[in-house]
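Everything in the sequence shown is counted per our numbering, starting at 61 for the first residue and increasing by one.
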Amino acid sequence: MFNTHFKFLPKLLGLNLLVVLAACSHAPAKHAANITDLSSANLPAVAAEFVTTRTGAEHEHDEHQALPAEVSWRFWRDSQRITIERPQLGVGELWLRDGQELIHRKLYHQDRRAIEFQAGDLRMLDITPSWQKLALLLDSQLLEKLTAEEIEWTDGIPTREYQGKVADTEWHVVMRLDLALPALIERQQGEFSERTELLQAYSLNAAPWQPTPIDGYDVIDFADLGDKESDPFVIKVQAQMGHEHHH
61 MFNTHFKFLP KLLGLNLLVV LAACSHAPAK HAANITDLSS ANLPAVAAEF VTTRTGAEHE
121 HDEHQALPAE VSWRFWRDSQ RITIERPQLG VGELWLRDGQ ELIHRKLYHQ DRRAIEFQAG
181 DLRMLDITPS WQKLALLLDS QLLEKLTAEE IEWTDGIPTR EYQGKVADTE WHVVMRLDLA
241 LPALIERQQG EFSERTELLQ AYSLNAAPWQ PTPIDGYDVI DFADLGDKES DPFVIKVQAQ
301 MGHEHHH
C-alpha cells in the first residue's frame with residue numbers, strides 16, 4: 061500500500077479540477093462551514109481519482125520498483141469502508157472498520173480472489189495504520205510537522221498548503237479542506253521523488269464509477285495461506301508479499 065501501507069499513492073497530468081496552487085483570497089467567514097476538520101471521525105463520503113508518478117528508487121529494495129512509473133488509481137471512502145483500486149494493474153485494497161479494529165483485504169480482480177487480514181494478522185506484520193491515516197491518504201501527524209500556510213480559496217474551494225522536511229524527506233502537500241483529501245502530495249528523498257495529484261473528486265453518491273463488485277470472490281484468510289502452498293495463486297501472492305515486506 062502507500063507504504064503508508066500506503067504503498068498505495070499514484071500521479072501526474074492535472075485535469076481542470078486541480079484547484080491547487082493558484083493565488084487567492086483568504087477565507088471569508090461565510091465559507092467556514094465548507095472546511096472539514098482533518099481530525100474529525102466523520103469525514104465526507106467521497107470518491108476520487110488520482111495519478112502517482114515516481115522517479116528514481118526510494119532505496120535498494122524499493123517495494124515500488126515493480127510498479128509502472130505512472131499509475132492512475134481510484135479511492136472510495138465512507139465512515140466504515142475504504143476501497144482503493146488500480147484499474148490498469150487489476151488489483152485493489154479494501155479496509156473495513158470493525159469497532160476499533162481494522163480488517164484488510166488485498167483484491168486480485170483478474171483472479172477473482174482476495175486475501176483477508178484480520179487485526180491480529182496486521183499487527184503481526186507490523187501493518188498498523190490508523191483509520192484516519194487511511195482515510196486522509198497521509199498521516200495527520202506528518203502535517204503537524206510541516207509548515208502550514210493560510211487557508212486559500214478558489215471558486216469556493218478551501219485549500220491549505222504544507223511544506224517542510226521531516227527526517228531526510230522533503231514534503232509539499234496541498235489539502236482540499238472541503239473534502240479532507242490531498243489535492244497534491246510531493247515527496248523527495250535523495251534521487252527518489254513521488255508526486256500524487258488529485259484528478260477528479262465527487263461526493264460518494266454522485267461518483268461516475270463504483271468499486272469492482274467482489275461478490276463471489278474466493279476469500280482466503282491470511283492465516284490459512286500456509287495450507288495452500290501448492291495453489292499457483294497463493295505461490296504468486298506469497299512471492300509478492302515477501303517482496304513487499306522484505307524490510
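Where is the CB? At the ideal position from N, CA and C, for every residue including glycine.
Since this is a predicted model, take the numbers as computed values, not measurements.
Residue i in three-state terms, based on DSSP
| i | result |
| --- | --- |
| Ile274 | coil |
| Asp172 | Note on residue identity: the sequence assigns Arg, not Asp, to residue 172. Coil at Arg172, not helix or strand. |
| Gln160 | coil |
| Gly152 | strand |
| Gly180 | helix |
| Gly224 | strand |
| Ala107 | strand |
| Leu241 | strand |
Buried/exposed call for residue i, threshold 16 Cβ in 10 Å
| i | result |
| --- | --- |
| Glu109 | buried |
| Thr219 | buried |
| Ala83 | The predicted position of Ala83 is uncertain, since its pLDDT is 32 and thus under 50; no value can be drawn from it. |
| Trp269 | exposed |
| Arg165 | buried |
| Gly150 | exposed |
| Gly152 | buried |
Expected contact under 8 Å - CB spacing of residue i and residue j to nearest Å
| i | j | result |
| --- | --- | --- |
| Leu154 | Leu167 | 6 Å |
| Leu98 | Leu206 | At roughly 13 Å, the Cβ-Cβ gap does not stay under 8 Å, so Leu98 and Leu206 are not in contact. |
Cα-Cα separation between residue i and residue j, rounded to whole angstroms
| i | j | result |
| --- | --- | --- |
| Gln125 | Glu289 | Residue confidence is low: Gln125 scores 47 on pLDDT, short of 50, so the model does not pin down where it sits. Its coordinate-derived value is still stated next. In a straight line, the C-alpha of Gln125 is about 26 Å away from that of Glu289. |
| Gly224 | Gln298 | 37 Å |
| Asp158 | Phe177 | 12 Å |
| Ala101 | Ser139 | 8 Å |
| Val111 | Asp281 | 31 Å |
| Leu239 | Gln260 | 12 Å |
Residue i Cβ short of 7 Å to the ligand NAP heavy atom set
| i | result |
| --- | --- |
| Lys166 | Ligands are entirely absent from the displayed structure, and the ligand NAP is therefore not among its contents. |
Can we say the segment 183 to 195 touches the segment 203 to 211, given the rule of at least three CB pairs closer than 8 Å?
No, because fewer than three Cβ pairs between the segment 183 to 195 and the segment 203 to 211 fall closer than 8 Å, the two stretches do not touch.
Three-pair Cβ contact test at 8 Å for the segment 264 to 280 versus the segment 234 to 252
Taking 8 Å as the limit for Cβ pairs, the verdict is that the segment 234 to 252 does not touch the segment 264 to 280.
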